[in-house]
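Those protein sequences? They're chains A and B, same order as listed.
Start counting the first sequence at 1; every next residue gets the next number (full-length UniProt numbering).
Start counting the second sequence at 1; every next residue gets the next number (full-length UniProt numbering).
To keep things clear, I will list the structure first and then write my remarks on it.
2 protein chains.
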Amino acid sequence: MEQPLRDPLARKLATYVDLTPGDLLDLEGWAANGRRFAAQTPLLHQSDVPESAILVLDGFACRYKFLTNGRRQITAYLLPGDLFELDLDFRLPLDCAVGTLTACQLAFIPRADYEDLIGRRPRIARALQMVRLTEAATLREWITNLGSRSGPERLAHFLCEMLLRLRTAGLAPGNQYSFPITQADLADTLGMSCVHINRVLQKLRRDGLIELSGRRLTILKPEGLRLLAEYDASYLEPAAVPLRPSAIDKLTA
Amino acid sequence: MEQPLRDPLARKLATYVDLTPGDLLDLEGWAANGRRFAAQTPLLHQSDVPESAILVLDGFACRYKFLTNGRRQITAYLLPGDLFELDLDFRLPLDCAVGTLTACQLAFIPRADYEDLIGRRPRIARALQMVRLTEAATLREWITNLGSRSGPERLAHFLCEMLLRLRTAGLAPGNQYSFPITQADLADTLGMSCVHINRVLQKLRRDGLIELSGRRLTILKPEGLRLLAEYDASYLEPAAVPLRPSAIDKLTA
DNA sequence: CGGCCTCTTGAGACAGTTCAACCTATGTGG
DNA sequence: CCACATAGGTTGAACTGTCTCAAGAGGCCG
Chain A
1 MEQPLRDPLA RKLATYVDLT PGDLLDLEGW AANGRRFAAQ TPLLHQSDVP ESAILVLDGF
61 ACRYKFLTNG RRQITAYLLP GDLFELDLDF RLPLDCAVGT LTACQLAFIP RADYEDLIGR
121 RPRIARALQM VRLTEAATLR EWITNLGSRS GPERLAHFLC EMLLRLRTAG LAPGNQYSFP
181 ITQADLADTL GMSCVHINRV LQKLRRDGLI ELSGRRLTIL KPEGLRLLAE YDASYLEPAA
241 VPLRPSAIDK LTA
Chain B
1 MEQPLRDPLA RKLATYVDLT PGDLLDLEGW AANGRRFAAQ TPLLHQSDVP ESAILVLDGF
61 ACRYKFLTNG RRQITAYLLP GDLFELDLDF RLPLDCAVGT LTACQLAFIP RADYEDLIGR
121 RPRIARALQM VRLTEAATLR EWITNLGSRS GPERLAHFLC EMLLRLRTAG LAPGNQYSFP
181 ITQADLADTL GMSCVHINRV LQKLRRDGLI ELSGRRLTIL KPEGLRLLAE YDASYLEPAA
241 VPLRPSAIDK LTA
């Protein structure tokens, strides 16, 4: 039996590739030297060109955009084990701002260190490529969620995704996880008003699907929530899906 | 003066890197041998594992998902010069289906050819990396659009994006482009009913912002449309934005 | 204790949906 | 060349999900 990994990034990458002891040692180096940040702290502004990657060790951060009408849209959650800005070498200005949602422990990895490690550790580099693909699939899933689902379905979908992602980070034993997100943040995530978020949350509670008290969320009926959201987790777990060739390739062969 | 490039992929990549004559020659090889497909033709199913990349030479294709309630959500448009599935080497099942929206001319590039060329042409490989970053930024922009904008704003934003993307493909001279998209497709793109799409289109026409007749769209007041949508094109044109260092890096330095 | 932030509740307004009918082009086969 | 079929676009009317505004309740911290 392997030891469960304490470092959430190593845990996540290990779901994509087999890491060597050397790989793990290097990743541990990244996870050292975390700094604390308070909730709702801006870290990077839109159109900044950051010089370090950010590794989330604890807490939730996010990418977001402001519109001039005052609305804010959150476009991605950064959970423990998530790495922000994997594409430093291009030195592109950011299309989104980045900030904390809850109190966070964050590690900053300077450009040079990051690139050096990527060069030396092909398995890690490959796993990070797959992380990027998963992130793009997640963005498409969010588009579908915002464009095609009703309020309750949308919220249920989000809670299912958080459950799976936190579970791979080792932070959701027994369908239960720490959930220190305000309803206003949820509103900015799901494109609804926070009054409506409140009412939809109540509906999910009334239907016995979830229990949310004191910053802790328990999913009472995972299957019910999954059905409501029509949640298909395969975008997060690529390896679990059986491979089959596509019809079009037979045409072109 | 350079010649304007006929091949829309080469045109697009040239906005990111300087291509050598050899690069251009190889890209031309890809653009040969296109095949015709009718409008609304499915090409790849969700969870397929495709064995070739698809290059759009003419017409519009898209990525989309179906939900069991019958709704369809389009998650990305593939315009002339766009390449689908740049990540063949991972052999992951698709999270989205792919199909044509309009009649299309498509080139299929087998895995081996694709990987061979990437290996031989570092400039092209680098440009394709940047294309991927632009695509991810576009997905985040769509999330913002679906989550935070009203019907008219959302449609205006979409039309602005199409204008810019088609312009870089050389297909939108004089703020005018071929637009053979049905209102039902627009509805599936923007997360609204097609009745409502119809009414919002009428509003944009009534306000003198656009003219849409016979599958051709003319943007009469580009600035007005831009203002309505709060459209900021920097996610599509990374190079145009002046670089500035971020505040956080000063902290960590 | 007071102040602040988050959550909760109510009521009216509005944006967007649904259903259904009708209209108009375009294309097809006889 | 007409008769018809079909797909897409347009319109109206009723309905409903979601928003806004506003006020109150509960907790947490200095």
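Just so it is clear, CB atoms sit at the ideal spot from N, CA and C, and this is done for glycine as well.
Predicted model only: the values in this text are computed from it and were never measured.
| Which listed residue (A:Glu223, A:Leu236, A:Gly214 and A:Asp185) has its alpha carbon closest to that of glutamine 40 of chain A | Looking at A:Glu223, A:Leu236, A:Gly214 and A:Asp185, the one whose alpha-carbon comes closest to that of glutamine 40 of chain A is A:Asp185.
| said: I'd like to confirm the pairing. Which residues does DSSP put opposite glutamate 211 of chain A in its beta bridges? | reply: Note: glutamate 211 of chain A sits in a beta bridge opposite A:Thr218.
| If you follow the beta strand (DSSP E) that alanine 53 of chain A is part of, which residue opens it and which one closes it? | Residues 52-58.
| message | Just verifying my parser: in three-state terms, what is the DSSP assignment at tyrosine 235 of chain B? | response | Residue state, collapsed to three classes: helix.
| task | Pull up the DSSP beta-bridge partners for tyrosine 77 of chain B, would you. | result | Answer by DSSP bridge pairing, in chain order: B:Cys62.
| Neighbour list for alanine 136 of chain A in chain B, Cβ cutoff strictly below 7 Å | Correct list: Ala136 and Leu139.
| Is it the case that the Cβ atoms of isoleucine 124 of chain A and alanine 53 of chain A are separated by a distance below 8 Å? | Contact flag unset, no.
| query | Does the distance from the C-beta atom of tyrosine 235 of chain A to that of aspartate 48 of chain B stay below 8 Å? | reply | No, they are not a contact pair.
| task | Look at leucine 163 of chain B and alanine 172 of chain B and say whether their C-beta atoms are less than 8 Å apart. | result | Going by C-beta atoms, leucine 163 of chain B is nearer than 8 Å to alanine 172 of chain B.
| message | Quick check on alanine 253 of chain A: buried or exposed, where buried means 16 or more other Cβ atoms within 10 Å of its Cβ? | response | Residue confidence for alanine 253 of chain A is low, a pLDDT of 40 falling below 50, so the modelled location carries little weight and cannot support an answer.
| Helix, strand or coil at serine 148 of chain B [DSSP, three-state] | The answer is helix: DSSP assigns serine 148 of chain B an H, G or I state.
| Spatial neighbours of threonine 20 of chain A in its chain, beta-carbon cut-off 6 Å, leaving aside the 5 residues before and after | Here the set comprises nothing.
| So, does the CB of glutamate 2 of chain B fall closer than 8 Å to a CB anywhere in chain A? | With a pLDDT of 43 at glutamate 2 of chain B, under the threshold of 50, the predicted position of this residue should be treated as unreliable, and no value is reported.
| field | For phenylalanine 90 of chain B, three-class secondary structure by DSSP | value | Three-state DSSP puts phenylalanine 90 of chain B in a helix.
| query | So does the stretch 145-157 of chain A actually touch the stretch 186-199 of chain A, counting three or more Cβ pairs closer than 8 Å? | reply | At 8 Å Cβ cutoff, the stretches touch.
| message | Short of 8 Å Cβ to Cβ, which residues in the stretch 202-233 of chain A face chain B? | response | Flagged, chain order: Glu230.
| query | What first and last residue would you give for the beta strand (DSSP E) that runs through valine 98 of chain B? | reply | Per DSSP, valine 98 of chain B is one residue of the beta strand (DSSP E) stretching across 97-100.
| query | How is threonine 20 of chain B classed by DSSP in three states: helix, strand or coil? | reply | In this structure, DSSP gives threonine 20 of chain B a state outside helix and strand, which the three-state scheme calls coil.
| field | For glutamine 46 of chain B, three-class secondary structure by DSSP | value | Note: glutamine 46 of chain B maps to coil in three-state DSSP.
| query | For leucine 13 of chain B, which of B:Arg165, B:Asn145 and B:Leu209 has the nearest alpha-carbon? | reply | Restricting attention to B:Arg165, B:Asn145 and B:Leu209, the CA atom closest to the CA of leucine 13 of chain B is found in B:Arg165.
| Out of curiosity, what's the CA-to-CA distance linking arginine 215 of chain B and tyrosine 177 of chain B? | CA-CA distance, arginine 215 of chain B to tyrosine 177 of chain B, rounds to 9 Å.
| Residue span of the alpha helix (DSSP H) that contains glutamine 40 of chain A, given as start and end | Premise fails: glutamine 40 of chain A is in no alpha helix (DSSP H) and is neither H nor E.
| query | Within this structure, are the beta carbons of leucine 200 of chain A and leucine 146 of chain A separated by less than 8 Å? | reply | The sequence given here places valine at residue 200 of chain A; leucine does not occur at that position. No Cβ-Cβ contact shorter than 8 Å links valine 200 of chain A with leucine 146 of chain A.
| message | Is there a Cβ of chain A sitting closer than 8 Å to that of lysine 12 of chain B, yes or no? | response | Chain A, which has no Cβ nearer than 8 Å to the Cβ of lysine 12 of chain B, makes this no.
| query | Since aspartate 87 of chain A contacts leucine 133 of chain B with CB under 8 Å, what's their CB separation in whole angstroms? | reply | About 6 Å separates the two Cβ atoms, so the contact holds.
| task | Give the residues of chain B in contact with methionine 130 of chain A, contact being defined as C-beta atoms less than 7 Å apart. | result | Those are Phe90, listed as they occur along chain B.
| query | Start and end of the beta strand (DSSP E) containing aspartate 173 of chain B? | reply | The sequence shown places proline at residue 173 of chain B, not aspartate. For proline 173 of chain B, no beta strand (DSSP E) segment is defined, and its DSSP state is neither H nor E.
| task | Round the Cβ separation of valine 56 of chain A and glycine 81 of chain A to the nearest angstrom and send it over; I've been treating them as touching at under 8 Å. | result | Contact between valine 56 of chain A and glycine 81 of chain A holds, since their C-beta atoms are separated by about 7 Å, short of 8 Å.
| message | Please tell me whether alanine 103 of chain A and glycine 170 of chain A are closer than 8 Å, where the distance is taken between their beta carbons. | response | Taking 8 Å as the Cβ cut-off, alanine 103 of chain A and glycine 170 of chain A do not qualify as a contacting pair.
| query | Excluding five sequence neighbours on each side, which residues of the same chain lie with their C-beta closer than 8 Å to the C-beta of leucine 225 of chain A? | reply | Excluding residues up to 5 positions away in sequence, Ala156, Leu159, Cys160, Leu204, Leu209, Ile210, Ile219 and Tyr231 lie with their Cβ nearer than 8 Å to the Cβ of leucine 225 of chain A in the same chain.
| task | Assign threonine 100 of chain B to one of two classes, buried (16 or more other C-beta atoms within 10 Å of its C-beta) or exposed (fewer than that). | result | Buried is the call here.
| query | Since tryptophan 142 of chain B meets chain A, which of its residues come closer than 7 Å, beta carbon to beta carbon? | reply | Correct list: Ile143.
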